[in-house]
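Remarks on the structure that follows.
Numbering (the working numbering), first residue to last: 15 to 437.
And the structure:
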């Protein structure tokens, strides 16, 4: 009888211990389920293991063979010598030079700036005079304002001359006129000038660069966290209310689970000044997170919404637009949230709330500042514009091999874009 009681006693203890173990495991797993999966997904290269610029870019970019010499300078940190530094190059801004001047030479101010002041080369001149077509080394044609093939030069391109098409918009918005098509310009251009890094003349809105030794400072996270709004964590500023990627649908859905302050033409709140690309909305600097939602989900289309509205203002960007791989290549490591990493807007809201109540995790989004910086190069909000500098650098550094964009849809196409978030 005693033996039977002992056996029953040990059975009860065993059952109790097994039950307790099961409950602990269940609660741990349930707790993990409450925190969105992104907390457990680390980037391929944690910030603590990145020792230098070459390591970061090699791992991220895999030495893209499609880069021009200028692209290799800007994105891989390679060095090239100017081919003819004693030569003076002429750059013709075809037809719409005066219009572009406000951004690229005035920076939305009431004075002209030297576009080559901070440039690695200065042996170029800019002209708007279309009669200088024959003597120009490079002709830049801004596609967004071109009304058709008939607006381009009638003369054929000289063999030693470069004609570059310029666009700062995604393939969905290349032309301002819906009746104009890329195929109308097949065989016209031999250089490209876009935000993409594989362009002959890359003109990105911004870049990630390594810090020099004299630039290193310690980021005061506690001060940042204390000075930001605690009741509303997220903001967005936008004037395009019906973009092709339905970004505002995501904002509206997200707002069901977490407060989002919306500014601009699509928002409910007004800025402290009239917002346009010459003036900014400084109120956005009061938030911890910024919705850097582009108007198109196209590769490498990363605009001032990321570089200026988020990084410059020290907001943590929540990105929508480019591919996940592109963001990993071009943005500082572990510095942002991507909507594609979350199953739903609710999951994103839950994680933002988790970060806000867990400062020890939130502060990791600023570790990148120990090794990297971001630069704005778009000319908006009185920042420096590097478009004409890059054009001059391309003339100095790029190979002069003959080529032609005989099928523009291969290089520049909506096929490089991906579906909207709710498709």
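Note that CB positions come from ideal geometry on N, CA and C, so glycine has one too. Source: prediction; values computed, not measured.
Per the DSSP calculation, residue i is bridged to which residue(s)?
{"i": "residue 238", "result": "None, per the DSSP bridge assignment."}
{"i": "residue 156", "result": "180"}
{"i": "residue 337", "result": "Residue 337 pairs with nothing; no bridge assigned."}
{"i": "residue 205", "result": "178"}
{"i": "residue 306", "result": "333"}
{"i": "residue 283", "result": "277"}
{"i": "residue 220", "result": "390"}
{"i": "residue 351", "result": "332"}
{"i": "residue 399", "result": "392"}
{"i": "residue 295", "result": "Residue 295 is not bridged to any residue."}
{"i": "residue 431", "result": "312"}
Enumerate in chain order the residues of its own chain whose CB-to-CB distance from residue i is below 7 Å, with the five nearest sequence positions on each side excluded.
{"i": "residue 369", "result": "375, 376"}
{"i": "residue 209", "result": "182, 217, 218, 219, 314, 315"}
{"i": "residue 110", "result": "156, 159"}
{"i": "residue 349", "result": "379, 382"}
{"i": "residue 428", "result": "185, 186"}
{"i": "residue 225", "result": "385, 386, 387"}
The alpha helix (DSSP H) that contains residue i, what's its start and end?
{"i": "residue 360", "result": "359-370"}
{"i": "residue 86", "result": "83-90"}
{"i": "residue 373", "result": "373-376"}
{"i": "residue 264", "result": "261-268"}
{"i": "residue 425", "result": "422-425"}
Mark residue i as exposed unless 16 or more other C-beta atoms lie within 10 angstroms of its C-beta, in which case mark it buried.
{"i": "residue 441", "result": "Nothing can be reported for residue 441, as the shown portion of the chain is limited to 15 through 437."}
{"i": "residue 84", "result": "buried"}
{"i": "residue 231", "result": "exposed"}
{"i": "residue 145", "result": "exposed"}
{"i": "residue 351", "result": "buried"}
{"i": "residue 93", "result": "exposed"}
{"i": "residue 174", "result": "exposed"}
{"i": "residue 356", "result": "buried"}
{"i": "residue 227", "result": "exposed"}
{"i": "residue 408", "result": "buried"}
{"i": "residue 442", "result": "In the structure displayed, the chain extends from 15 to 437; residue 442 sits before or after that span and is not available."}
{"i": "residue 286", "result": "exposed"}
{"i": "residue 319", "result": "buried"}
Closer than 6 Å by C-beta to residue i: which residues in its own chain qualify, once you throw out the five before and the five after it? Chain order, please.
{"i": "residue 420", "result": "200, 201"}
{"i": "residue 191", "result": "161"}
{"i": "residue 434", "result": "259, 260"}
{"i": "residue 311", "result": "259, 335, 431, 432"}
Return the chain-ordered list of same chain residues with a C-beta closer than 8 Å to the C-beta of residue i, the five sequence neighbours on each side being excluded.
{"i": "residue 396", "result": "121, 122, 123, 292"}
{"i": "residue 188", "result": "157, 158, 181, 196, 426"}
Name the two residues that bound the continuous beta strand (DSSP E) containing residue i.
{"i": "residue 250", "result": "248-251"}
Within the segment 94-181, note down every full beta strand (DSSP E) run reaching 3 residues or more, in order along the chain. 103-107, 138-141, 152-156, 176-180
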